[in-house]
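Those letters in the sequence shown? Residues 5 to 443, per the working numbering, in order.
All C-beta atoms in this analysis are idealised placements derived from N, C-alpha and C, irrespective of residue type, glycine included.
Here's the structure we're looking at; comments come further down.
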Amino acid sequence: MKQQELAEVEPEPPSSWSPSLNRPSGKKQFHNFYSPETYFPAKEKTQSDFITSCFRHKHYPGVSDKSWNDWRWQLKNRICRAKDLESYLTLSSREKAVMSMENILPLSITPYYMSLVHETDYKDPVRKCVIPTEYELVKGPGEKEDPLHEDQDSPVPGIVHRYPDRVLFLATGFCSTYCRYCTRSRIVGQRGAYGIDRWNSGMEYIKNDNRVRDVLISGGDPLTMSDEQLEYIIKGLRAIKHVEIIRIGSKVPAVLPQRINRKLCAMLKKYHPVFMSLHFTHPDELTVESVKACVSLADAGIPMGSQTVLLKGINDDQEIMKNLNHRLLQARVRPYYLYQCDPVPGSGHFRTTMEKGLEVIQGLRGHTSGYAVPQYVIDLPGGGGKTPVLPDYYQGQTIQGQVFKNFENKLFVYPEAPDPAGISGLNMITSYDLSGGEQ
Ligand code: SF4
């Protein structure tokens with residue numbers, strides 16, 4: 005594709021289409037997550053969770069499977085106007101309070117992801133992630149538009165260079181579905197700012213700094229871009245000799261799994277090693293569709309990790325987190341980071357205490373496979389970078405050695421290795437060579 009044509013390819017505009025108002029009331033149906041047959045159907049055919057099927061039947065009765073499973077149809081029919089929410093949900097007073105307000109993070113939800121939102125329960129975890137409430141209007145102390153100082157660490161537009169050997173490449177400001185707690189709420193939704201000129205200058209910057217061996221393409225959500233746009237960037241980066249790995253940060257497998265199709269996977273396979281940092285928040289996001297998307301990416305040879313944000317009343321619970329991580333592993337996604345929620349304006353109702361975060365991690369370590377235990381980190385405000393937050397397993401030193409508390413709160417001692425100088429000084433076993441055999 006020529007450069008001019010590339011620049012002209014834009015994501016689908018917000019839809020003005022409104023769904024049918026004719027919706028029966030009903031309780032949320034829960035997914036049968038544990039059936040391998042459900043996860044990995046013997047015959048490849050389009051399957052939909054029961055809950056999504058019911059939703060489609062109610063709100064999109066005339067829409068064919070072909071349209072529903074077309075990611076561009078999903079993008080074109082996003083729910084973007086607050087007043088349209090009333091067609092799908094019984095809104096609480098706190099949700100209604102922001103309906104007429106401006107200057108809040110843009111609203112956008114794919115029809116698919118809306119099918120996972122509980123119709124009447126405003127405490128539903130998935131609902132809390134994407135439906136605005138008046139709490140967003142409350143700015144707490146210390147909350148900043150750019151708490152991580154990404155703008156200050158940006159040498160050229162669209163590049164954040166904080167750590168010496170890796171950069172963040174912001175390819176788009178567009179997401180198919182906006183998370184209400186988004187760290188980049190200051191820039192998401194700004195579609196005009198990104199394009200071929202910015203991508204080219206970002207690639208030029210990387211080309212001129214041979215320390216950069218790892219590039220994370222993020223945004224916004226890069227998987228909302230066309231294959232041609234995405235390939236233009238990936239191909240350009242792959243042509244830079246010192247770029248060893250390319251990573252893509254995306255929430256698409258959770259909110260727009262239809263995007264992960266054969267054509268995309270075939271394109272990505274050409275540029276290995278390509279990694280993906282996915283964004284899953286709650287076990288309810290691990291549906292047949294999203295698992296299938298992850299499995300397709302894994303089959304394309306893409307190692308995946310999930311970056312989960314710790315969110316109050318959504319996933320700050322040991323059992324929910326364990327469940328989420330187990331399901332991610334079943335979908336061949338390694339739980340990678342558990343983030344303390346960043347202090348962006350209006351995030352106070354999402355942020356939970358660090359004590360709670362440590363409690364969640366302690367509920368995992370030793371209680372499940374190590375692969376199911378992400379690293380709990382805080383991205384330090386002011387650009388300090390990701391810093392691990394660890395439970396205090398290490399208790400200190402005694403004459404017997406180093407003392408540790410295990411996952412059951414029992415104490416154990418690890419004996420220090422003898423100091424070779426001390427042994428020799430005491431004339432204890434002088435005939436032994438410490439590197440191995442007897443002299
Ligand atoms: S998908 Fe990522 S960039 Fe987009 S709104 Fe959610 S957290 Fe922000």
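Would DSSP call Arg-215 helix, strand or coil? coil
Closer than 6 Å by C-beta to Val-289: which residues in its own chain qualify, once you throw out the five before and the five after it? Chain order, please. One point to set straight first is that residue 289 is Glu, not Val, in the sequence displayed. So the list reads Ala-258, once near-sequence residues are dropped.
Can you check the stretch 277 to 322 for any beta strand (DSSP E) of at least 3 residues that lies completely inside it and give the ranges in chain order? 278 to 282 and 308 to 314
Using the C-alpha atoms, what's the distance from Val-130 back to Thr-402? Between Thr-402 and Val-130, the C-alpha separation is close to 48 Å.
Any idea which residues DSSP pairs Gln-344 with across the strands? Leu-314
Note down the Cα distance separating Pro-339 from Pro-378, rounded to an integer number of angstroms. 5 Å
Nearest to Glu-147 by CA position, among Pro-115, Arg-188 and Gly-162, is which residue? Arg-188
Please state whether the Cβ-Cβ distance between Pro-115 and Asn-73 is less than 8 Å. no
Skipping 5 residues on each side, what residues in its chain have a beta carbon closer than 7 Å to that of Thr-285? Cys-133, Thr-312, Val-313, Leu-315, Ile-318 and Asn-319
Given that a residue counts as buried once 16 or more other Cβ atoms are within 10 Å of its Cβ, and exposed if not, what is Glu-154? buried
Tyr-167 to Gly-223 span [Cα, whole Å]: 18 Å
What number of angstroms, rounded off, separates the C-alpha of Ser-104 from the C-alpha of Ala-86? 8 Å
Can you look up Lys-31 in the DSSP assignment and give me helix, strand or coil? Low confidence applies to Lys-31: its pLDDT is 37, below 50, so where it sits in the model is not reliable enough to give any reading.
Alpha carbon to alpha carbon, how far is Pro-349 from Asp-423? Give it in angstroms, no decimals. Approximately 53 Å, taken between the alpha carbons.
Let me confirm a value: Arg-215 is counted as buried when at least 16 other C-beta atoms fall within 10 Å, else exposed. Which label applies? exposed
Closest by C-alpha distance to Gly-305, when choosing among Ser-294, Ile-237, Val-278 and Pro-65: Cα-wise, what sits closest to Gly-305 is Val-278.
Below 7 Å, is the gap between the Cβ of Gly-224 and the nearest heavy atom of the ligand SF4? yes
For Gly-405, is the classification buried or exposed, using 16 other Cβ atoms within 10 angstroms of its Cβ as the cut-off for buried? exposed
Simplified DSSP state of Glu-48, which is helix, strand or coil: Unreliable positioning characterises Glu-48 in this predicted model, as indicated by a pLDDT of 38, which lies under 50. The coordinate reading is nonetheless provided below. Reduced to three states, the DSSP call for Glu-48 is coil.
Starting from Ser-158, trace the beta strand (DSSP E) in both directions and tell me its first and last residue. Run containing Ser-158: none; DSSP gives neither H nor E here.
Which residues share a DSSP beta bridge with Asp-383? Lys-390
Own chain partners of Glu-235 with C-beta closer than 7 Å, once the 5 adjacent residues on each side are dropped: Met-271
Assuming Tyr-185 and Val-192 make a contact with CB atoms under 8 Å, what is their CB distance in whole Å? Wrong, their Cβ atoms sit about 12 Å apart, outside the cutoff.
Can the beta-carbon of Gln-194 be found closer than 8 Å to that of Gly-177? Closer than 8 Å, so yes.
DSSP state of Gly-146 mapped onto helix, strand, coil: coil
Give me, in chain order, the residues of the same chain whose beta-carbon lies closer than 8 Å to that of Gly-361; leave out the 5 immediate sequence neighbours on both sides. Excluding residues within five positions, the ones whose Cβ falls inside 8 Å are Leu-314, Asp-320, Leu-342, Gln-344, Tyr-380 and Val-393.
Close Cβ partners of Ser-351 (< 7 Å) along its chain, the five nearest in sequence each way excluded: Glu-147, Tyr-185 and Cys-345
Lys-267 (DSSP reduced to helix, strand or coil): helix
Looking only at DSSP bridge pairs, what is Arg-369 linked to? Thr-372
Taking the Cβ atom as the reference point for each residue, do Ile-221 and Ile-237 lie within a distance shorter than 8 Å? yes
Quick one: what's got a C-beta closer than 7 Å to Ser-158's C-beta in the same chain, skipping five residues either side? Val-164.
For Tyr-418, which option in Val-407, Asn-329, Ala-425 and Glu-359 has the closest C-alpha, if you only look at C-alpha atoms? Out of Val-407, Asn-329, Ala-425 and Glu-359, Val-407 has the C-alpha closest to the C-alpha of Tyr-418.
Hey, how far is the Cα of Ala-425 from the Cα of Tyr-397? Here the alpha carbon of Ala-425 sits roughly 30 Å from the alpha carbon of Tyr-397.
Which stretch, first to last residue, makes up the beta strand (DSSP E) that contains Thr-114? No beta strand (DSSP E) holds Thr-114; DSSP gives it neither H nor E.
Would Gln-152 pass as a contact of Pro-385 if the rule is Cβ separation under 8 Å? For the sequence presented, residue 152 should be read as Leu rather than Gln. Yes, the pair counts as a contact, with Cβ atoms nearer than the cut-off.
Taking the C-alpha atoms as reference points, what is the distance between Gly-144 and Trp-203? 35 Å
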